[in-house]
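All remarks here apply to the structure that follows.
Numbering (mature numbering (1 follows the signal peptide of the UniProt record, and there is no 0)), first residue to last: -20 to -1, 1 to 403.
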C-alpha cells in the first residue's frame, strides 16, 4: 500500500506542473530556463551535499557497483534498441527511449514518498536512509545524464543524420540558447529601449566586463581547439560532453567526502571542527533540495505543453503503437524482471554488493521507470522532423501517465531486498 501511495504522490506532483502550465502560470521559455537551472545549479549542489556527506573511505567501494551496473543496463538497452530499430523498423528515437530512463527527479521524489509512507523502515533502521538512497541514485543519475548528451545524439545521428547545434554539456537545444542570447543582449540596449524584465541589475561596466571576458575565453578555446591535430580534435569532441555541471558537482562531492579534513569541516558540528557547516554546507544543501520537487514539476509542465500541441494538431506525429508497447514493456516489465532477480542473486550469493539493503533496493530500481524527458531535448538537438518531435512528446505523455505501474516494481524490489537482509 505504501508503494502505491508513493507512486500516486509522484504522479500528483507531476500533475501540479501540468495544471500550472494549463493555467498559463508558466510558459515554455520559463520551463526551459528552470530546467537548465535545475541541471546546472541545483543538481550539482545536491550532489555536493549528498555525496560529500555519505561518501567516505569506508563507504567509497559501495558506489563502484552502481557505476558498473549503470553502464551495463544502459549498454544493454542501447543494443536492444538498435536491434529493434533495424529488425522491426521502429523509429530511431526508440533507442534512446529504451536506454535513458528518468534516473534523477523521479526516483529521488519516490524515495521521499516511500519514507513518508513508512515503507523504508522495513528495509533498514538507519535514520539517514533517505540521504543514503539519494546519494546512490545521484551517482546513477550523473552517469545517465552524461551518457544521454554524450552518446544520445550519436544514436539519432546514425539513423537520422541529424546535426547537433547545441552544447551537449548542458543538454540545451539551440532554440533555448538563442532565446537566452536574445535575453542577454537586451542589457546592451537599455539606453535605447529602457529597462525591462531582462535588464541586468548589475552596473553596466560589470555586465560589459563579464560579456567581454566570456567572449575572450570562448575565442581562446576555439583557437586552441582549431590548432589541435584532427585526431586530438575528435578526442576532445568525444570527451567534452562528459565535463558537465552534474559531473563536476559529483567530483566535488567525492573530493570532499574522501578527504577527512574537508569532510569534517563541511559536515561535522561546529564544536567538532565543522567550520563550514552552518554558513556554507546548509545553503548548499537547501538550494540543492530544490531540484527534487522542482524538476518533477517541470516534467509536468513539459507534458502539458506537449498535450497542448497535440490538441492543436499542428503536425502531430503519429506514435506507432508497436513502439509504444515495446518501450513501455521494456521500461516497466522487462527491466524489473531482469534487475530485481540479478541484484537479488548478487546480494544473496556473493559479497559483491556488501551488507547494504539500501544499496540492493536502489540498484534494483535504477533501470526502471519512464523514458527521460531529456528525449525531447535530444530530438531538438538533432533537428528531428516536427512529426518525430511530436511523436516523442506523445510517447512521454503516455509513459508518465503509466508511471503508477512502478509501484509493483517497488514492492518486488523491497521484498527481494528484505529477503536477502533476513537471510
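Note that CB positions come from ideal geometry on N, CA and C, so glycine has one too.
From a predicted model like this one, the values you see are computed outputs, not experimental measurements.
- In the structure shown, residue 133 adopts helical secondary structure according to DSSP, grouped into three states.
- The C-beta separation of residue 71 from residue 371 comes to about 7 Å, placing the pair in contact by the 8 Å criterion.
- Nearest to residue 340 by alpha-carbon distance, out of 328, 349 and 350, is 328.
- For residue 229, the enclosing alpha helix (DSSP H) starts and ends at 225 to 238.
- Within the model, the alpha-carbon separation for residue 330 versus residue 123 is close to 25 Å.
- Collapsing the DSSP output to three states places residue 351 in a strand.
- Contact annotation: residue 237 and residue 32 have beta-carbon atoms nearer than 7 Å.
- Under the three-state reduction of DSSP output, residue 81 falls in the strand class.
- Distance between residue 325 and residue 400, taken at the CA atoms: about 9 Å.
- The straight-line gap separating the alpha-carbon atoms of residue 232 and residue 302 is approximately 43 Å.
- In this structure, the beta-carbon distance from residue 264 to residue 29 falls below 7 Å.
- The alpha-carbon of residue 254 is positioned some 39 Å away from that of residue 192.
- The beta carbons of residue 270 and residue 22 sit closer together than 7 Å.
- Classified as buried, residue 380 has 16 or more neighbouring CB atoms from the shown chains inside 10 Å of its CB.
- By the C-beta criterion, the segment 373 to 390 is judged to be in contact with the segment 75 to 94, since at least 3 inter-stretch pairs fall below 8 Å.
- In the DSSP assignment, residue 41 falls outside any alpha helix (DSSP H) and carries neither an H nor an E.
- In this structure, DSSP gives residue -8 a helical state, which the three-state scheme calls helix.
- A check of alpha carbon separations from residue 12 across -1, 44 and 281 identifies 281 as the nearest.
- The beta carbon of residue 320 sits closer than 6 Å to the beta carbons of 344, 392, 393 and 396 from its chain, once the five residues preceding and following it are set aside; these are given in chain order.
- When 42, 44, 73 and 45 are compared, the shortest CA-CA separation from residue 57 is found for 73.
- Nearest in C-alpha terms to residue 350, of all of 276, 247 and 369, is 276.
- Taking every protein chain shown into account, the CB of residue 49 has 16 or more other CB atoms within 10 angstroms, so this residue is buried.
- Shown here, residue 8 sits in a helix according to DSSP, grouped into three states.
- Under the DSSP assignment, residue 21 falls outside any alpha helix (DSSP H); it carries neither an H nor an E label.
- Between residue 95 and residue 110 the beta-carbon gap is near 5 Å, inside 8 Å, which marks them as a contact.
- Counting C-beta atoms within 10 angstroms of its own C-beta, residue 43 has 16 or more neighbours from the protein chains shown and is therefore classed as buried.
- For residue 403, there is no enclosing alpha helix (DSSP H), as DSSP gives it neither H nor E.
- Secondary structure note for residue 310: it is in no alpha helix (DSSP H), with a DSSP letter that is neither H nor E.
- In summary, residue 305 is exposed, with fewer than 16 beta-carbon neighbours lying within 10 Å of its beta-carbon over all protein chains present.
- Contact check for residue 104 against residue 272 fails: the beta carbons are separated by 7 Å or more.
- Between residue 81 and residue 357 a beta carbon distance of about 15 Å is seen, past the 8 Å cut, so the two are scored as non-contacting.
- Residue range 315 to 329 is occupied by the alpha helix (DSSP H) that includes residue 325.
- The Cβ-Cβ distance between residue 18 and residue 274 falls below 7 Å.
- One thing to note: residue 211 has its Cβ no nearer than 7 Å to the Cβ of residue 130.
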